[in-house]
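Notes follow the structure.
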């Protein structure tokens, strides 16, 4: 009996580097735009499961059940309760769609350029022929005048299926390394105030999850800078 054939197919190589090909740049920018639109899902969960939303929803059900005496009529329950639930979900969908509108209405090609028309630097993760992660960096001109160069991260994202695998952290470490190589060891690397995911169109009470994400992103960047300073991811 012959032994089963062993597959010799190897996974495609993964490389992290500055993108120069215009097509790959567009793919990387699309990842960032998609990450903005994908925030709608997080926004929907934040609205639906917020204590205030649940309290209002329960109050409306109680009013319909007791005040309107719907609870005594099974057929009325089948009509009114699903209608209330549907209204709640439609309202949630409308509110969270603000992220879709931001993704669709923003002039991203213009956003990618500074006031002089110079494009930001895009660092991408290439897996085979696909761009699966991206970091968009802008070098702040005003900081040079003050003697300290500064690199502002304006976009940082990974394709959905590759998230939670450590690739995002690798991208930040590679970004810090590349920035230090290009601008010097003293260059400050931080997130821009107007980064791609900075818009918070919902009411403040629903933004806790997004604010927590921003805090974690800053912590991840601080860890990447510390790793570089300790030589764990220094210039080669």
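Residue numbers (the UniProt record's numbering): 1 to 236.
Where is the CB? At the ideal position from N, CA and C, for every residue including glycine.
Just so you know, these numbers come straight off a predicted model, no measurement behind them.
Quiz item: Between 181, 227 and 156, which lies nearest to residue 213 when the distance is taken from Cα to Cα?
Solution: Numbered from its first residue, the chain shown carries residue 213 at position 213. Checking every option, the nearest Cα to that of residue 213 belongs to 156.
Exercise. Between the Cα of residue 17 and those of 176, 186 and 208, spot the shortest distance and give me the residue it belongs to.
Key: One-based indexing of the chain shown puts residue 17 at position 17. The option with the nearest alpha carbon to residue 17 is 176.
Quiz item: Starting from residue 150 and walking both ways along the beta strand (DSSP E), at which residues does that stretch end?
Solution: What you label residue 150 is simply residue 150 of the chain shown in a count that begins at 1. Counting along the chain, the beta strand (DSSP E) containing residue 150 begins and ends at 150-158.
Exercise. Look at the Cβ atom of residue 172, then the Cβ atom of residue 132, and state whether they are nearer than 9 Å.
Key: Position 172 of the chain shown holds residue 172. Position 132 of the chain shown holds residue 132. At least 9 Å separates the beta-carbon of residue 172 from that of residue 132.
Self-check item: Segments of 4+ residues assigned as alpha helix (DSSP H) that fall wholly inside the region 42-100
Solution: Whole alpha helix (DSSP H) segments, 4+ residues: 51-62 and 74-96.
Quiz item: Looking at C-alpha atoms only, which residue of 231, 12, 225 and 26 is the closest neighbour of residue 121?
Solution: The sequence position of residue 121 within the chain shown is 121, counting from 1. Selected option, being the one with the closest Cα: 26.
Exercise. Evaluate residue 28 with the Cβ neighbour count: other Cβ atoms within 10 Å of its Cβ, from every protein chain shown; 16 or more gives buried, anything less gives exposed.
Key: Here residue 28 refers to the residue found at position 28 of the chain shown. Answer is buried; the Cβ neighbour count reaches 16.
Quiz item: CA-CA distance, residue 189 and residue 201?
Solution: Counting from one through the chain shown, the residue named residue 189 turns up at place 189. Counting from one through the chain shown, the residue named residue 201 turns up at place 201. Cα to Cα, the separation comes out at about 27 Å.
Quiz prompt | Buried or exposed by the 16-neighbour rule on C-beta atoms within 10 Å, applied to residue 210 | solution = As a working mapping, residue 210 is identified with position 210 in the chain shown. Counting Cβ neighbours within 10 Å, residue 210 comes out buried, since at least 16 surround it.
Practice problem: Pick helix, strand or coil for residue 115, following the three-state DSSP scheme. | Solution: For this step, residue 115 is matched to residue 115 along the chain shown. In the three-state reduction of the DSSP assignment, residue 115 falls in the coil class, being assigned neither a helical nor a strand state.
Quiz item: Straight-line CA distance for residue 24 to residue 86?
Solution: Against the chain shown, residue 24 aligns to sequence position 24. Against the chain shown, residue 86 aligns to sequence position 86. Rounded to the nearest angstrom, the two C-alpha atoms are 42 Å apart.
Quiz prompt | Under 9 Å between C-beta atoms of residue 88 and residue 57 | solution = What you label residue 88 is simply residue 88 of the chain shown in a count that begins at 1. What you label residue 57 is simply residue 57 of the chain shown in a count that begins at 1. Taking the C-beta atoms as reference points, residue 57 is found nearer than 9 Å to residue 88.
Exercise. Examine the Cβ distances between the region 96-114 and the region 27-46 and report whether three or more of them are shorter than 8 Å.
Key: By the Cβ rule, the region 96-114 counts as touching the region 27-46, because three or more pairs are nearer than 8 Å.
Self-check item: Contact check, residue 151 vs residue 179, beta carbons under 9 Å
Solution: Counted from its first residue, the chain shown places residue 151 at position 151. Counted from its first residue, the chain shown places residue 179 at position 179. Note that the C-beta distance between residue 151 and residue 179 is below 9 Å.
Exercise. Please say whether residue 163 and residue 14 have beta carbons closer to each other than 9 Å?
Key: Your numbering for residue 14 matches position 14 in the chain shown. Your numbering for residue 163 matches position 163 in the chain shown. One thing to note: residue 14 has its Cβ no nearer than 9 Å to the Cβ of residue 163.
Practice problem: Apply the 10 Å Cβ neighbour rule to residue 174 and answer buried if 16 or more other Cβ atoms are within range, or exposed otherwise. | Solution: Numbered from 1 along the chain shown, position 174 holds the residue referred to as residue 174. Buried is the call here.
Quiz item: Three-state secondary structure (DSSP) at residue 222?
Solution: Here residue 222 refers to the residue found at position 222 when the chain shown is read from its first residue. DSSP places residue 222 in helix when its eight states are reduced to three.
Quiz item: Using the beta-carbon count (16 or more within 10 Å), is residue 49 buried or exposed?
Solution: Mapped onto the chain shown, residue 49 falls at position 49. Residue environment analysis places residue 49 among the exposed positions, since fewer than 16 neighbouring C-beta atoms fall within 10 angstroms of its C-beta.
Quiz item: When you compare only the Cα positions, how much space is there between residue 118 and residue 170?
Solution: Residue 118 sits at position 118 when you count from the first residue of the chain shown. Residue 170 sits at position 170 when you count from the first residue of the chain shown. C-alpha of residue 118 to C-alpha of residue 170: approximately 26 Å in a straight line.
Quiz item: So what does residue 14 bridge to, in DSSP terms?
Solution: To locate residue 14, count along the chain shown from 1; it is residue 14. Per DSSP, 127.
Quiz prompt | Three-state secondary structure assigned by DSSP to residue 230 | solution = Taking the chain shown and counting its residues from 1, one reaches residue 230 at position 230. In this structure, residue 230 counts as coil in the three-state DSSP scheme.
Self-check item: Three-state secondary structure assigned by DSSP to residue 1
Solution: On the chain shown, residue 1 is found 1 positions in, with the first residue counted as 1. Note that residue 1 scores 45 on pLDDT, short of 50, meaning its location in the model is unreliable; the coordinates nonetheless yield the value given after this. Look at residue 1 here: in three-state DSSP terms it is coil, with no helix or strand label.
Quiz item: Quick one: what does DSSP say residue 138 is sitting in, helix, strand or coil?
Solution: Residue numbering aside, residue 138 sits at position 138 when the chain shown is read from its first letter. When secondary structure is reduced to three states using DSSP, residue 138 falls in the strand class.
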